[in-house]
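A.B. asks:
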Amino acid sequence: MQRRRKHRLDSESNCQKPPLNTGARCGSLGDAAGTAGNANLFEGTKHRHRPVITNFDGRGMKRPVQIMLAGILLLGGCTANHYRRSADREAAAVIAEKTPRVPNMDPKFTIETNGPISLDGLPILEKPEPAFGPEATAEVGSYIVSLEKALELAVKHSRAYQAAKESLYLKALGLTLARRKLQPAMTPILNGKATANFQHKTAHQVQNEVDTVTEERRITASGRATMEMLLHTGARITASFTTDFLRFFTGNSRASQTSALAAELTQPLLKGAGYRIAIENLTQAERDLLYALRNFTRYRKEFAVEIATAYYGVLRSKDEVRNSWRYYQNLQANVEREQAFADEGQRPLAYLGQLKQALLNAESQWVQSTRNYFQNLDSFKIRLGLPVKTRVVLDDQELERLQILHPSVNVEEAVQVALACRLDLQNQRDEYEDALRRVQVAASMLKPRLDIVSGVSVPGADSAIRPAPDFKNYQWYAGVDAELPFDKKAERNAYRAALIEKEQAARALELATDNIRLQILEDWRTLDQAKRNYEIREIGVKLSEQRVEEETLKQELGRGTARDLVDAQTDLINSKNARTAALISHTLARLQFWRDMGILMIQTNGLWEETKDADVKAHN
C-alpha cells in the first residue's frame with residue numbers, strides 16, 4: 133500500500149503549520165501529542181531526517197555564552213602587530229634598565245632599521261683623478277664619505293652590526309619570559325559543544341506500522357581559569373575556577389550549571405627550598421642579559437676599529453695607485469728621452485731595452501693597483517651595508533690628517549687598566565660566580581623532597597538558578613608530601629658535573645687574565661714597532677728622493693745607467709707606499725691598544741673619542 137506523507141500539528145502547540153519538506157518541530161516533544169506529531173512528521177520517510185533546533189530562547193545559557201564570546205573577542209582583537217609592539221616595549225625596558233651598569237653602552241639602542249639609505253648633503257667629487265688613466269672620470273659625481281660618515285652609515289646599515297643588535301634583543305626577550313614565570317599567570321580555557329543523538333524505534337499505532345525517531349539535542353559549555361604563582365621561597369600557589377553548563381532542547385527542556393573554586397599551596401622544605409634556588413632561572417637570565425650587554429658594548433669598539441681599518445685600507449690602495457701612476461709617468465718620460473738619444477746613436481739599444489722592460493712592469497703594477505683599489509672600495513661598500521652600485525669615494529683628507537700620536541703610558545699601567553676595564557674579563561669573573569651558584573643548586577637537589585601541602589576547595593551551589601560557588605560548604609586540607617628515592621644517580625651526576633664546571637670556570641678565568649696581559653704586551657710592542665717603522669720609512673723616502681734626483685742628473689749628463697735609475701725610482705715608490713702603510717699601521721695599532729685596554733669610548737654615531745694619557749691614569 134502506497135503511503136502518503138502526513139503533516140500534523142501538535143494539538144498543544146501554538147506554532148503555525150510548517151511548509152512542506154521541512155523538519156520543523158512545534159511545541160514540546162515530551163508529551164504524547166508531541167511524540168505522535170513527530171512520528172507523523174517523518175511518516176513515509178524511513179531512515180531520513182533533517183533535525184533543526186527551533187524555539188531556542190537561550191535561557192540559562194546567557195552567562196557562559198557571554199564569557200566565551202568575550203574571551204574570543206579579547207584574544208581575536210590582539211593582532212600580530214600588537215604582540216610585536218608589546219615585545220619591543222618590554223625588551224627595550226629591560227635593556228634600558230641595565231644599560232647604566234655597562235660603561236659606554238649605547239643609550240639609544242634599538243633594533244629598528246633606519247629605512248632607505250640617504251647620502252644627501254654629502255660633498256660630491258667634481259674633478260677626475262688622473263692616476264686612474266682611462267678610468268679617470270669613473271668617480272666624478274660620486275659622494276665623498278668621511279670616516280665619521282662611514283662609521284655612521286655602518287652603525288645604521290651594516291648587516292653584521294644589525295645581527296649583533298638582534299642577538300642582544302633576543303637575550304632581553306628571554307629575560308622578559310623568565311620574569312613572567314615569577315608573576316601570577318592566568319590560563320583561561322573555554323570550550324563548547326552542541327550534540328544531537330538519534331535512535332530509531334518501531335511502534336504499533338492502530339493498524340499501521342510507523343517508524344519513529346527519538347532525538348536528543350543538547351548544548352554543553354565549560355570554562356576553566358587557572359592561576360599559578362611561584363614565590364621567592366620556592367612555594368607554588370595554584371588557584372582554579374571551573375564552571376560547566378548543560379542544556380537539553382528535546383523532551384523536557386532543562387538546564388544545569390555548576391561552578392567550583394579551588395586553591396593549593398605547596399612549600400618545599402628540603403629539596404628546592406630557599407630563595408636562591410627558587411629564583412635561579414631568573415637570576416641566570418638577568419646575568420645573561422648583562423653579559424650580552426657587555427659583549428655588545430665590546431663589539432661596538434671592535435666594530436669601530438674594523439671599519440676604520442677597512443677605511444684606511446681603501447685610502448692606502450688609492451695612494452698606491454697614485455704612486456704607481458707617478459712611477460709609470462716618470463719611466464715613460466725617461467724612455468722617450470732615451471729613445472731620442474738612441475735614435476741619434478748616443479745610447480746603446482740594450483740600455484733602452486732595460487728601460488722599456490721596466491716601463492712594462494710599471495704599467496702592469498699600476499693596472500693591478502687600480503684594480504685592487506676598486507675591489508677594496510666595493511668590498512667596503514658591502515661592509516657598510518651599501519649596495520655595490522652606490523657611487524661613493526672616500527675622503528683623501530683623512531689620510532692627510534693622520535699623525536703619530538704615541539701614548540706615554542707604560543706597559544704595567546696599561547695591564548692594570550685592562551684588568552679593571554675589560555668587559556669580557558668581567559663576564560669571565562661573573563661566569564665563575566655562576567658556576568659556584570650552580571654547585572649550590574645541584575647540592576640542594578640531592579636532598580629528599582619534603583613539601584608542606586595545603587589547600588581549600590569550594591563546590592558549586594546546588595541550584596540551577598544560582599550556580600556560583602557555595603562558600604558555606606568549603607573544604608580544606610593540609611599535610612606533608614614526602615619522597616625518599618633510593619636512586620639519586622641523576623642528581624649525583626648533576627652535582628659532580630657542577631663541580632667540574634666550577635673548576636673549568638676557574639681555569640677559564642685564569643686563562644682570560646693571562647691572555648689579556650699577553651695581548652696588552654703584544655699591542656704595546658706592535659705600537660712601538662709601528663712608531664719606529666714610520667720613522668724609518670720617513671727617512672727612507674727622503675733618501676730615495678735624493679737618489680732619484682742624483683740618478684736623473686747623471687742620466688742628463690750621460691754618466692748614469694738605466695738600471696740605476698730604474699732601481700732608484702722603484703725604491704722611491706716602495707718607500708712612499710711603506711711610509712703610508714706605517715702611518716696607517718700606527719694609527720690602527722693605537723686604536724687597538726685603547727680597545728684592548730677597554731677604554732676606547734664609542735659615541736652613538738659609531739665614532740670613537742680620542743683617548744689621552746690623562747684618561748688612562750684616571751681609569752688606573
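Numbering-wise, the sequence shown is residues 133 to 752 according to this note's numbering. Where a beta carbon is used, it is the ideal one built from N, C-alpha and C, also for glycine. Predicted, not measured: the structure shown is a model, and the values here were computed from it.
With residue 607 as the anchor, note down where its beta strand (DSSP E) starts and where it stops.
C.D. replies: 607 to 615
A.B. asks: Can you tell me where the alpha helix (DSSP H) with residue 453 in it begins and where it stops?
C.D. replies: 412 to 475
A.B. asks: Check whether the stretch 225 to 245 touches the stretch 291 to 306, taking contact to mean three or more Cβ pairs, one atom from each stretch, closer than 8 Å.
C.D. replies: yes
A.B. asks: What three-state label does DSSP hand residue 592 in the structure shown?
C.D. replies: strand
A.B. asks: Under a three-way DSSP split, which group does residue 587 fall into?
C.D. replies: Here residue 587 sits in strand by DSSP.
A.B. asks: When DSSP labels each residue in this structure, what does residue 497 get in the three-state scheme?
C.D. replies: helix
A.B. asks: Could you pull the start and end residues of the beta strand (DSSP E) that residue 525 belongs to?
C.D. replies: 524 to 526
A.B. asks: Can you give the Cα-Cα distance for residue 300 and residue 237, rounded to whole angstroms?
C.D. replies: 12 Å
A.B. asks: Taking the straight line between their C-alpha atoms, what separation do you get for residue 661 and residue 669?
C.D. replies: The alpha-carbon atoms of residue 661 and residue 669 are separated by roughly 12 Å.
A.B. asks: Who are the Cβ neighbours of residue 564 in its own chain at under 8 Å, not counting the five residues just before and after it?
C.D. replies: Within the same chain, residue 564 has close Cβ partners 634, 637, 638, 640 and 641.
A.B. asks: Less than 9 Å separating the beta-carbons of residue 627 and residue 543?
C.D. replies: In this structure, residue 627 sits away from residue 543, with a CB-CB distance that is not shorter than 9 Å.
A.B. asks: Going by DSSP, what residue range makes up the alpha helix (DSSP H) through residue 671?
C.D. replies: Judged by DSSP secondary structure, residue 671 falls within the alpha helix (DSSP H) whose first and last residues are 621 to 689.
A.B. asks: Just to confirm before moving on: does the CB-CB distance between residue 648 and residue 458 stay below 9 Å?
C.D. replies: Not closer than 9 Å, so no.
A.B. asks: With a threshold of 16 other CB atoms inside 10 Å of the CB of residue 511, please say whether the residue is buried or exposed.
C.D. replies: Within 10 angstroms of the beta-carbon of residue 511 lie fewer than 16 other beta-carbons, which makes it exposed.
A.B. asks: Identify, in the order they occur along the chain, each residue of the same chain with its Cβ nearer than 6 Å to the Cβ of residue 658, setting aside the five sequence neighbours on each side.
C.D. replies: 721
A.B. asks: Classify residue 625: buried if its beta carbon has 16 or more other beta carbons within 10 angstroms, exposed otherwise.
C.D. replies: exposed
A.B. asks: Return the Cβ separation of residue 655 and residue 724 in integer angstroms, given the expectation that the two are a contact with Cβ distance under 8 Å.
C.D. replies: Rounded to the nearest angstrom, the Cβ distance from residue 655 to residue 724 is 6 Å, consistent with a contact under 8 Å.
A.B. asks: Around the Cβ of residue 277, are there at least 16 other Cβ atoms within 10 angstroms (buried) or fewer (exposed)?
C.D. replies: In the assembly as shown, residue 277 is a buried residue. Its beta-carbon has 16 or more other beta-carbons within 10 Å.
A.B. asks: At which residues does the beta strand (DSSP E) containing residue 277 begin and terminate?
C.D. replies: Looking at the DSSP string, the run of the beta strand (DSSP E) that includes residue 277 is 275 to 277.
A.B. asks: Quick one: Cα of residue 372 to Cα of residue 356, how far?
C.D. replies: 7 Å
A.B. asks: Given that a residue counts as buried once 16 or more other Cβ atoms are within 10 Å of its Cβ, and exposed if not, what is residue 738?
C.D. replies: Counting C-beta atoms within 10 angstroms of its own C-beta, residue 738 has 16 or more neighbours from the protein chains shown and is therefore classed as buried.
A.B. asks: Are residue 734 and residue 553 touching if we call contact CB-CB under 9 Å?
C.D. replies: No. Outside cutoff.
A.B. asks: Should the stretch 424 to 442 be called in touch with the stretch 251 to 271, which here means at least 3 C-beta pairs below 8 Å?
C.D. replies: no
A.B. asks: Given that a residue counts as buried once 16 or more other Cβ atoms are within 10 Å of its Cβ, and exposed if not, what is residue 695?
C.D. replies: exposed
A.B. asks: Please go through the same chain and pick out, in chain order, the residues whose beta-carbon is closer than 8 Å to the beta-carbon of residue 411, but skip the five residues on each side of it.
C.D. replies: 314 and 364
A.B. asks: Could you tell me if residue 621 is buried or exposed, where buried requires 16 or more neighbouring beta carbons within 10 angstroms of its beta carbon?
C.D. replies: exposed
A.B. asks: Is it the case that the Cβ atoms of residue 707 and residue 685 are separated by a distance below 9 Å?
C.D. replies: no
A.B. asks: Can you list, in chain order, the residues of its chain with a C-beta nearer than 6 Å to that of residue 173? Leave out the 5 residues immediately preceding and following it.
C.D. replies: Summary for residue 173: the model assigns pLDDT 30, below 50, so the residue's position carries little reliability; its value from the coordinates is reported in the next sentence. Result list for residue 173: empty, nothing under 6 Å.
A.B. asks: Below 8 Å CB to CB, which residues in the same chain sit around residue 283 once its five sequence neighbours on both sides are set aside?
C.D. replies: 436, 439, 440, 737, 738 and 739
A.B. asks: With a 10 Å radius around its C-beta and 16 neighbouring C-beta atoms as the bar for buried, classify residue 742 as buried or exposed.
C.D. replies: exposed
A.B. asks: Within a Cβ cutoff of 7 Å, which residues of the same chain sit near residue 484, ignoring the five residues on either side of it in sequence?
C.D. replies: 470, 471 and 474
A.B. asks: Does the separation of the CB atoms of residue 582 and residue 614 fall below 9 Å?
C.D. replies: yes
A.B. asks: Could you give the C-beta distance for residue 524 and residue 274, rounded to a whole number, given that I count them as a contact under 8 Å?
C.D. replies: That belief holds up - the Cβ atoms of residue 524 and residue 274 are roughly 6 Å apart, short of 8 Å.
A.B. asks: Roughly how many angstroms separate the alpha carbons of residue 360 and residue 719, rounded to a whole number?
C.D. replies: 59 Å
A.B. asks: At the level of alpha carbons, what is the spacing between residue 280 and residue 442?
C.D. replies: 13 Å
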